[in-house]
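To start, the structure itself, in structure tokens.
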């Protein structure tokens with residue numbers, strides 16, 4: 042049995058152990074009415090064992106998002122209740138419910154204990170895994186760095202883009218795009234926020250990057266276990282990866298803290314890196330590590346995912362590539378390094394990126410925990426128009442992926458990637474959430490958008506064509522859409538193989 046199969050079986054076995062440790066079936070924590078009703082539960086077995094089996098199966102098949110759609114399609118209010126190992130999980134993609142969780146009833150829902158425990162070895166006590174005062178403190182300390190564009194951001198990006206070009210030119214038969222774009226973004230964000238780049242594009246392997254990918258995969262697959270997730274700690278499932286992350290980040294932090302608070306304060310605040318700024322404000326090793334890891338993930342993964350999804354779609358549409366190149370030539374020039382003013386003039390580019398954000402939201406599924414007894418606005422009753430009762434501790438799994446592909450909102454072609462829709466479609470508030478909404482709106486949205494725009498423009502300037510190479514020797518499948526796998530973020534189920542042809 043290979044390692045992957047063994048780990049998959051461990052998840053199932055751990056779930057089955059719940060039969061031995063869970064004696065009382067949900068009686069003490071059944072949903073209170075609080076003016077709301079109950080929603081359908083698709084489980085047919087005690088403790089939701091059939092749901093757990095399907096979740097594991099569909100995750101292995103990279104069809105988990107489709108599975109959530111199937112469940113919601115069968116409920117009148119597109120809201121369902123899943124009872125898993127004694128924990129209630131409410132699945133929804135209703136706009137009203139998502140707005141309530143993110144904005145209008147923000148104080149009723151938080152990251153909660155379960156998410157914190159599942160991701161504590163990766164996200165720790167960072168802004169992405171805490172609530173209340175701890176969350177507010179982290180947010181206030183990160184905002185000055187995450188929310189601004191530094192004067193040298195584009196220069197740093199261009200330096201690493203030149204390294205990317207060497208990879209693209211050096212692979213005339215095509216290469217795996219996600220790998221090189223992910224390395225590119227890791228190199229950029231580590232230089233900007235840590236002061237030292239990983240230089241992963243210059244090496245065949247990147248131990249830190251690979252270790253983070255492993256930990257995210259392990260942690261994501263533990264979510265369905267809820268309060269039983271700690272039974273499968275990282276040190277058991279991915280001990281080597283845990284050590285590698287600690288070794289890399291911990292080493293940089295120790296070096297910074299060794300400078301001493303007074304020496305760090307002598308540096309110009311405008312030139313201090315995020316790591317140095319955190320060390321000045323709170324020279325606590327764990328605090329600094331938790332914030333840094335979360336910022337690296339938040340600034341790298343969404344940018345990488347959206348950039349690669351865009352390249353994937355463009356590689357299958359040569360006529361659109363030509364139109365984008367014509368726009369670039371008109372407003373910037375093919376041989377001119379773009380600046381922020383030039384990028385703002387590229388309307389077609391903006392529409393292409395917005396359509397990618399709609400179709401392939403990096404956080405297609407998001408999790409919150411009810412911090413008190415409350416309700417969701419809609420989803421219950423015969424017509425789905427009645428409030429849904431929610432008890433303290435219930436998990437809310439809301440699907441932005443489902444919301445932004447809802448035909449009643451987007452139109453009958455909601456599952457089609459079509460940038461031209463933005464010439465006629467103007468979503469209302471809460472219907473398009475590229476950066477979430479409310480108090481937890483993405484702090485680094487300006488930086489992220491700038492990175493995506495810049496990298497795409499530079500690729501379109503440097504290369505005449507981008508060609509899709511298919512699924513690696515399976516021509517009968519090449520016209521099929523790419524499946525999406527869920528690993529904290531929504532990623533590619535298969536390699537994204539493309540060929541880049543330089544301008545003559």
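Residue numbers (this note's numbering): 42 to 545.
The beta carbon of each residue, even a glycine, is placed where N, CA and C say it ideally should be.
May I have the straight-line CA-CA distance separating residue 542 from residue 210, to the nearest angstrom? Their Cα atoms are separated by approximately 7 Å.
Which runs of the beta strand (DSSP E) at least 3 residues long sit entirely within the region 364–436? Give them in chain order. 406–411, 415–421, 427–431
So, residue 420 versus residue 140, is the Cβ gap smaller than 7 Å? no
Quickly, what does DSSP pair residue 123 with across the bridge? List them, please. When beta bridges are read from the DSSP output, residue 123 appears opposite 130.
In whole angstroms, give me the CA-to-CA distance for residue 391 and residue 494. 8 Å
As assigned by DSSP and simplified to three states, the class of residue 69: Here residue 69 scores only 37 on pLDDT, less than 50, and its place in the model is too uncertain to base an answer on.
Using alpha carbons as the reference points, say which of 511, 192, 456 lies closest to residue 218. A check of alpha carbon separations from residue 218 across 511, 192, 456 identifies 511 as the nearest.
Inter-residue CB distance, residue 158 and residue 271 (contact presumed, cutoff 8 Å): 5 Å
In chain order, what residues of the same chain have a beta carbon less than 7 Å from the beta carbon of residue 276, not counting five sequence neighbours either side? 283
Counting along the chain, where does the alpha helix (DSSP H) carrying residue 507 start and finish? Element bounds for residue 507: not the alpha helix (DSSP H) but the beta strand (DSSP E), 504–509.
Which of helix, strand or coil does DSSP assign to residue 163? coil
Which of the three DSSP states, helix, strand or coil, is assigned to residue 216? Strand.
What's the C-alpha gap between residue 312 and residue 504? 35 Å
The region 354–362 touching the region 478–496, judged by at least three CB pairs closer than 8 Å: Counting Cβ pairs under 8 Å, fewer than three are found: no touch.
Does the count of Cβ pairs from the region 418–437 and the region 126–138 closer than 8 Å reach three? yes
Report all residues from its chain with a CB closer than 8 Å to the CB of residue 69; omit the five preceding and five following residues, and keep chain order. Confidence in residue 69 is poor, its pLDDT being 37 and thus under 50, which makes the residue's placement unreliable; the coordinate value appears in the next sentence. Counting only Cβ-Cβ distances below 8 Å, and skipping sequence neighbours, we find nothing.
Which residues in the same chain have their Cβ closer than 6 Å to the Cβ of residue 202, if we skip the five residues on either side of it in sequence? Hits under 6 Å: 499.
Under 7 Å between C-beta atoms of residue 242 and residue 228: Yes, these two residues count as a Cβ contact at 7 Å.
State the beta-bridge partners of residue 528 as determined by DSSP. 530
Residue 273: first and last residue of the uninterrupted beta strand (DSSP E) it sits in: Premise fails: residue 273 is in no beta strand (DSSP E) and is neither H nor E.
To the nearest angstrom, how far is the alpha carbon of residue 464 from that of residue 326? The alpha-carbon atoms of residue 464 and residue 326 are separated by roughly 49 Å.
Residue 286 - containing alpha helix (DSSP H), residue span: 280–298
Please classify residue 71 as buried or exposed, where buried requires at least 16 other C-beta atoms within 10 Å of its C-beta. With a pLDDT of 47 at residue 71, under the threshold of 50, the predicted position of this residue should be treated as unreliable, and no value is reported.
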